[in-house]
Amino acid sequence: MAVGKSFGWGLTIGTVLFGAAIAGVIAPIAVKAEQATPAPEVTFTKDIAPILQRSCQNCHRPGQVAPMSLLTYEDARPWARAMKQRTGLRDKAGVMPPWYIEKNIGIQHYKNDPSLSDGEVAKIAKWADTGAPRGNVADLPIARTFQDGASWHAGEPDLIVESPAITVKANTPDWWGEFEPTKIPLTEDRYVASVEIREVNDFAKDAAGRDTVGQRYVWHHLIWATAEFNGSGDAIDASLTDGAVGWPVHEVGRNADVFEPNAGRLLKANSSIIYQSAHLHAGGADVKSKLLFGFRFHPKGYKPARRSTLRNLGNGLDIDIKPNEANQQLHAYLVLQQPTKIATFEPHLHAPGQRMCLEAIWGINI
215 MAVGKSFGWG LTIGTVLFGA AIAGVIAPIA VKAEQATPAP EVTFTKDIAP
265 ILQRSCQNCH RPGQVAPMSL LTYEDARPWA RAMKQRTGLR DKAGVMPPWY
315 IEKNIGIQHY KNDPSLSDGE VAKIAKWADT GAPRGNVADL PIARTFQDGA
365 SWHAGEPDLI VESPAITVKA NTPDWWGEFE PTKIPLTEDR YVASVEIREV
415 NDFAKDAAGR DTVGQRYVWH HLIWATAEFN GSGDAIDASL TDGAVGWPVH
465 EVGRNADVFE PNAGRLLKAN SSIIYQSAHL HAGGADVKSK LLFGFRFHPK
515 GYKPARRSTL RNLGNGLDID IKPNEANQQL HAYLVLQQPT KIATFEPHLH
565 APGQRMCLEA IWGINI
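Our numbering applies: residue 215 is where the sequence shown begins, and numbers increase by one.
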């Protein structure tokens, strides 16, 4: 890809007058210059709207987790400079759309990848720098249609389980902790095709407040599992590696998790949801909230061809970060005993973290 192009005049004008000066007349000289073709204007209707439809509007529309709508030109125009700044971050914290996979290393082809190409980032920057023009209305793509905010994106669940209702005061500090398990009303083992978690609360729909997100939610995230309990109310085995079933972490704004068709996840009869670690964040108004767990099942009689399991890498409790020292690394290893397909990878880092890499190492030596 060319990174720059230089255009020059087709001839050099220097001593072109000497022939005419002999006759005592200065004759006009016709100079033909080769000029660059002006770059086409970047407009909202032709260039920016298609990018927003594909990569932004799932969240940036009324009633969703993003703080502003980007459905129309009138919506997007005031945010042109912010759009340039956020998309230009690429894989750094705060980038929009939120896709932190580096573009120059590792696997790059993912389903439903919302990230922008270099050309799209450049278009947004040029649009902002040239006054964010609207363009020809005839170029505008047909508006997307979205499911209602109350709809289940993966389809209507076969089973819905409610968490306990909790009340979060308007300006209480962030809270981390556990809740009592919730019994799942299931009388036979079933394999789960997808799970989707929705927060239901009594925030005013047009509210605007603290961060999570614009006074719409209070559940920042939930780490959870399912396990059976004995007659005394004790977990038969609450270990994630033996007995209990681990599920993807719920995070505000997360889509439904659809599992590998040949590796359904088992939800056992008479099991319960274990709330291992919840993080609640006040929204600026008193609110009552609960989570709905929507499970969609495979047909009865389904048998998975492969077994799914959860493996943790690293030890977050014993990390020792030295002060004033850059590029510190922590390595963790897991030896796989049989051919394995990675279905879900969930890296988690807080402010001191810069990057996390999952690498497959072949051979018998590490």
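Glycine included, C-beta positions come from ideal geometry on N, C-alpha and C.
Query raised in the report: Across which residues does DSSP place THR381 in a beta bridge pair?
Result: LYS502
Query raised in the report: How big is the Cα-Cα spacing for TYR287 and THR257?
Result: 10 Å
Query raised in the report: Can you find a C-beta in chain C that's less than 8 Å from the C-beta of PRO254?
Result: Reference to chain C is not applicable here, since this structure consists of a single protein chain.
Query raised in the report: Counting Cβ pairs closer than 8 Å, one from the stretch 529 to 549 and one from the stretch 498 to 507, do we hit at least three?
Result: no
Query - Short Cβ contact (8 Å threshold) for ASP372 with PHE559 - result: no
Query raised in the report: Do the CB positions of HIS434 and VAL466 come within less than 8 Å of each other?
Result: yes
Query raised in the report: Nearest to VAL375 by alpha carbon, out of ALA519, LEU481, TYR516?
Result: LEU481
Requested in this report: Taking the CB atoms as reference points, tell me whether GLY497 and PHE417 lie closer together than 8 Å.
Outcome: yes
Query raised in the report: Which same chain residues, not among the five before or five after LYS509, have their C-beta less than 7 Å away from its C-beta?
Result: In the sequence as displayed, the identity of residue 509 is Phe instead of Lys. So the qualifying residues of the chain are PRO371, ASP372, LEU373, VAL406, VAL409, LEU481.
**Report entry** Strand pairing of SER485, partner residues [DSSP]
**Finding:** GLU442
Query - Own chain, CB closer than 6 Å to GLU394, minus 5 neighbours either side, in chain order - result: none
Query raised in the report: Does DSSP put TYR405 in a helix, in a strand, or in coil?
Result: strand
**Report entry** With 16 other Cβ atoms within 10 Å as the buried cut-off, status of ASN272
**Finding:** buried
Query raised in the report: With 16 as the cutoff for other CB atoms within 10 Å, does TRP341 come out buried or exposed?
Result: buried
Query raised in the report: Within 10 angstroms of its Cβ, does TYR516 collect 16 or more other Cβ (buried), or is it exposed?
Result: exposed
Requested in this report: Go ahead and pull the three-state DSSP assignment for ARG569.
Outcome: coil
Query - Cβ-based burial, ASP471 [other Cβ within 10 Å; buried from 16] - result: buried
Query raised in the report: Comparing alpha-carbon positions, which option in GLU392, SER329, LYS555 lies nearest ALA574?
Result: LYS555
Query raised in the report: For THR301, is the classification buried or exposed, using 16 other Cβ atoms within 10 angstroms of its Cβ as the cut-off for buried?
Result: buried
Requested in this report: Determine the contact status of GLU334 and ILE265, defining contact as a CB-CB distance below 8 Å.
Outcome: yes
**Report entry** Backbone secondary structure at ASP471 - three-state DSSP
**Finding:** strand
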